[in-house]
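Shown next, in structure tokens, is the structure this report addresses.
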Amino acid sequence: MTKTKPPSTMLRFFILTLCFSGVQTKDDDDHMAVTCGSAIKIQSQDTRYYLSSEEKKLGAGSGQQIVTFQNDEGTQDTLWLVRPANHDSVTEYPEGDSTCALAKPIPCNTAIRLTHLRTQRNLHSHGVQSPLSSQQEVTGYGQGDGRGDGGDDWIVRCIAPKAKYWKRGEPFHLFHRDTSKFLGTAKTLEFNQRTCGGNCPIMGHLEAFGRGSNDKHTIFTVEQGVHIIPS
Numbered sequence: 014m015t016k017t018k019p020p021s022t023m024l025r026f027f028i029l030t031l032c033f034s035g036v037q038t039k040d041d042d043d044h045m046a047v048t049c050g051s052a053i054k055i056q057s058q059d060t061r062y063y064l065s066s067e068e069k070k071l072g073a074g075s076g077q078q079i080v081t082f083q084n085d086e087g088t089q090d091t092l093w094l095v096r097p098a099n100h101d102s103v104t105e106y107p108e109g110d111s112t113c114a115l116a117k118p119i120p121c122n123t124a125i126r127l128t129h130l131r132t133q134r135n136l137h138s139h140g141v142q143s144p145l146s147s148q149q150e151v152t153g154y155g156q157g158d159g160r161g162d163g164g165d166d167w168i169v170r171c172i173a174p175k176a177k178y179w180k181r182g183e184p185f186h187l188f189h190r191d192t193s194k195f196l197g198t199a200k201t202l203e204f205n206q207r208t209c210g211g212n213c214p215i216m217g218h219l220e221a222f223g224r225g226s227n228d229k230h231t232i233f234t235v236e237q238g239v240h241i242i243p244s
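Residues in the sequence shown are numbered from 14 upward in steps of one, following the working numbering.
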């Protein structure tokens, strides 16, 4: 008989959040803001691929968990939990020390963490070269409990001139606070047999990288996910 692995602490927290919050299922314009505590899918506007991670590693770079972009919109590997920026408190939303509040809209230029829902590692970057483009490596960081460090903090930069909040369907950049790089990807940077070998664990995925400038490779939208609002 196959044993079911118990859910992680962060996954249990997400399930409890849904129990005490409303799940947004319609495109009501009043509720299009991305909220703290939601699980979202981030799509590249240029490639149409989704930010993804798996509990796998490449031989190159830091050896941390792989973060890529893939075109399978149905996989759970592309779900990311929106959380406050890194802090030292044992509570998720410490009063006076949390950059966002549970189920509340996130203003543009807010620092956040994105925690991979399946593996509980944080979207992370640091001064290591990315494997294909030799830009900056982007990884999944932590011990699988949602905790990490300041290298997990990303600032949401809305692109629309008068934008006040981070909204679904509207373009934005993710700016890495520690290293001043923009999250990016490109269709030309594909993991395939030539670039990754015959046993490549992420065949057909695109490289995720940190980029020194913002351009078409660094524009994203949130189109799907489980979005929560106060009940």
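Even glycine gets a Cβ: it sits at the ideal position worked out from N, Cα and C.
Using the Cα positions of residue i and residue j, report the straight-line distance between them to the nearest angstrom.
| i | j | result |
| --- | --- | --- |
| G211 | N122 | 42 Å |
| H44 | S75 | 39 Å |
| G140 | Q77 | 13 Å |
| F233 | A114 | 23 Å |
| H230 | A199 | 6 Å |
| S138 | G223 | 7 Å |
| N84 | K175 | 31 Å |
| M216 | T112 | 36 Å |
| G161 | N135 | 7 Å |
| F204 | Q237 | 25 Å |
| L202 | C213 | 14 Å |
| D101 | G164 | 14 Å |
| Q89 | D59 | 22 Å |
| E105 | V169 | 19 Å |
| A221 | K194 | 12 Å |
| C171 | R61 | 18 Å |
| G87 | L130 | 14 Å |
| F185 | I55 | 10 Å |
| V103 | C209 | 40 Å |
Who are the near neighbours of residue i in its chain, counting only those whose CB is closer than 7 Å to its CB and skipping five residues on each side?
| i | result |
| --- | --- |
| K117 | T48 and C49 |
| Y317 | This structure cannot speak to residue 317, because the chain is shown only from 14 to 244. |
| T38 | Here T38 scores only 42 on pLDDT, less than 50, and its place in the model is too uncertain to base an answer on. |
| E132 | Glu is not the amino acid found at residue 132; the sequence shown has Thr there. Result list for T132: S66, E68, Q78, G153 and G157, in chain order. |
| I53 | V47, W93, V95, V235 and G238 |
| S146 | L202, E220 and F222 |
| N99 | R126, G161, D162, G163, D165 and D166 |
Residues in the same chain with beta-carbon distance under 8 Å from residue i, minus the five sequence neighbours each way, listed in chain order, please.
| i | result |
| --- | --- |
| Q142 | G74, Q148, Q149 and E150 |
Going by the C-beta, is residue i closer than 6 Å to any heavy atom of the ligand ZN?
| i | result |
| --- | --- |
| G140 | The ligand ZN is not among the ligands present in this structure, which contains no ligands whatsoever. |
So what does DSSP say about residue i, is it helix, strand or coil?
| i | result |
| --- | --- |
| C121 | coil |
| R207 | helix |
| K69 | coil |
| Q58 | coil |
| Q148 | coil |
| Q156 | coil |
| G74 | coil |
| T91 | helix |
| K200 | coil |
| G109 | coil |
| G217 | coil |
| C32 | At C32, the pLDDT of 39 sits below 50, so the modelled position is not reliable and the matter cannot be decided from this model. |
| T231 | helix |
Below 8 Å on the Cβ atoms is my contact criterion, and I expect residue i with residue j to pass it. Report the Cβ-Cβ distance as a whole number of Å.
| i | j | result |
| --- | --- | --- |
| S65 | T81 | 5 Å |
| R207 | A124 | The pair is not a contact, with the Cβ atoms about 38 Å apart (cut-off 8 Å). |
| L219 | P144 | Between P144 and L219 the Cβ distance is about 12 Å, and since that is not below 8 Å, they are no contact. |
| T128 | G109 | About 22 Å; that fails the 8 Å criterion. |
Keeping to the same chain, check which residues put their C-beta closer than 6 Å to that of residue i; ignore five residues upstream and five downstream.
| i | result |
| --- | --- |
| L187 | W167 and L196 |
| P97 | S111, T112 and C113 |
| K180 | M45 and A46 |
Let me know if residue i comes out buried or exposed under the rule of 16 or more other beta-carbons within 10 Å of its beta-carbon.
| i | result |
| --- | --- |
| R126 | buried |
| D228 | exposed |
| N173 | According to the sequence provided, residue 173 is Ala. The question's Asn does not apply to it. Exposed, because fewer than 16 other Cβ atoms sit within 10 Å of the Cβ of A173. |
| P107 | exposed |
| S51 | buried |
| G225 | exposed |
| G182 | exposed |
| T91 | buried |
| Y63 | buried |
| G155 | buried |
| H240 | buried |
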